[in-house]
Amino acid sequence: MHVVVTGGSSGIGLEVAKIYAAKGVSVSIVARNPEKLQSAHERIEKAAATGATVYSAAADVADATALSAAISACEAAQGPCDTLVVSAGIVDPAWFYEQSDEAFRAMWETNFHGAVNAVRTVYQGMRKRREGRIMIVSSAAALIGIPAYAGYCGSKSALVGFVDALRLEAMPDGISVGICFPPDTDTPQLAWEIHCRPREAQMLMGKVKARPADSIAADIVNGITKRRARVYFSLSIAALSIFGPAIKPLVEVWYRFRTRRPGGLL
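Numbering (our numbering), first residue to last: 232 to 497.
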C-alpha cells in the first residue's frame, strides 16, 4: 500500500503520514519547502514500523506541472498511489476590502486548485486499477461564513461541491472520495493565524481549545479506512453541516446584534 500526502511537512498532513508509517505502510509526502520536507521525512522515518518506506518530493501544489512531476516521482519510487490525502492549505485572515488580490488568489490556488491538481495526478491510475481512496482536508470554516475569512471560507467550501460531484463519478470505478472538516487544530499555521484574526472573527468562532494535530489525523485515517464520505470531528460541526440552512440565519442575527449594540465591536 502506498499513501501520498500533500502538505505532509507539518501539521495534520505530517501526523497522517506518521500514522500510516507506524502501520508499516509506504508513505510519500509532498510539500513546497525543501528544508521542512527533509525534517518531516526524518520524523516520519523515526515513527515508521518495519516494512514502511518513506519518500519525499518538493513541489507547490498550486503549480500543476510541478506537482504532477513530484507525485509521479513518488509513484516511481513507491508504486502506484493507493490513497491520496490532500492536506496542503493556507489561510490569510484579512478584511476583503483590505486584502490584496494576490493574497486572495493564493488561497484559492493552494486550497482549491491545489487539491484538484493532486487528485488529477492520481485519478486516472486509480480508475485503471478500479481501486483507490481520496480524502480532502477542508475546514469547519467551509460550513459557515466568518468575517475576514472570505478567501479561506470560499476556497474551502468550494471543495465540498467538487468532492460531492467527484464522489458520484468515482463510485463505479471503486474509488472512494471523502472530505473532512477539522476545527482549529494545534499547528504552526494556527499559531500564526491567531495573531492576524480580528476580534469579530474570534467572537464568531468562540474560544474552543484547538485540537491536537495527531488526534485530528487519527480521525482522518479512521475515516479513510471506513471509506467515509464526510468526517466531522464533533457533533457541533456535523450539526452545522446537516442543519446549516436553518442555523446560519440565526447566527447572522446574533452577530448583527453583538456588533451593533452599545459597547459592541462596530
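Every residue, glycine too, gets a C-beta built ideally from N, C-alpha and C. Quantities reported herein were computed from a predicted structural model and do not represent experimental measurements.
| Query | Result |
| --- | --- |
| Should GLY409 and ILE455 be called a contact, given that it needs their Cβ atoms to be closer than 9 Å? | yes |
| Are the CB atoms of MET338 and GLY382 nearer to each other than 9 Å? | yes |
| Can you round the beta-carbon distance between GLY238 and ALA262 to whole angstroms, since I take them to be within the 8 Å contact cut? | 6 Å |
| Only counting the same chain, and skipping five residues up and downstream in sequence, which positions put a Cβ closer than 7 Å to that of ILE504? | Not covered by the structure: residue 504. The range shown for the chain is 232 to 497. |
| Please state whether DSSP places THR281 in a helix, a strand or coil. | coil |
| PHE474: buried (16+ other C-beta within 10 angstroms of its C-beta) or exposed? | exposed |
| Which whole-angstrom value is the C-beta distance of VAL234 and VAL316, which I expect to be below 8 Å? | 7 Å |
| Please determine, among VAL256, GLU246 and CYS384, the residue with the shortest C-alpha to C-alpha distance to GLN309. | VAL256 |
| Roughly how many whole angstroms lie between the Cα atoms of LEU496 and ARG430? | Bear in mind that the predicted position of LEU496 carries a pLDDT of just 49, short of 50, making it unreliable; the figure below should be weighed with that in mind. Their Cα atoms are separated by approximately 8 Å. |
| Should SER287 go down as buried or exposed, given a rule of 16 or more other Cβ atoms within 10 Å for buried? | buried |
| By the 10 Å Cβ neighbour count, where 16 or more other Cβ atoms means buried, how is SER407 classified, buried or exposed? | buried |
| Tell me the rounded alpha-carbon separation between SER446 and SER241. | 14 Å |
| Would you check if the distance between the CB atom of GLU276 and the CB atom of ALA252 is smaller than 9 Å? | yes |
| To test your reading of the DSSP string, which unbroken beta strand (DSSP E) runs of 3 or more residues are found completely within the region 294 to 342? | 314 to 317 |
| Starting from the Cα of ARG336, find the closest Cα among ALA293, VAL484 and VAL258 and give me that residue. | ALA293 |
| Output the distance between the C-alpha atoms of ARG491 and SER472, rounded to the nearest integer angstrom. | 28 Å |
| Can you give the beta carbon distance from ALA444 to GLU246, rounded, assuming they're within the 8 Å contact cut? | 5 Å |
| Give a yes or no on whether the minimum CB-CB distance between TRP339 and chain B is below 9 Å. | Absent from the structure: chain B. Only one protein chain is present. |
| If you check the beta carbons only, do ILE468 and ALA389 fall under 9 Å apart? | no |
| Whole angstroms is fine: what's the gap from GLN420's alpha carbon to ALA248's? | 18 Å |
| In whole angstroms, give me the CA-to-CA distance for ILE367 and ILE243. | 12 Å |
| May I ask you to report which of helix, strand or coil DSSP gives MET232? | coil |
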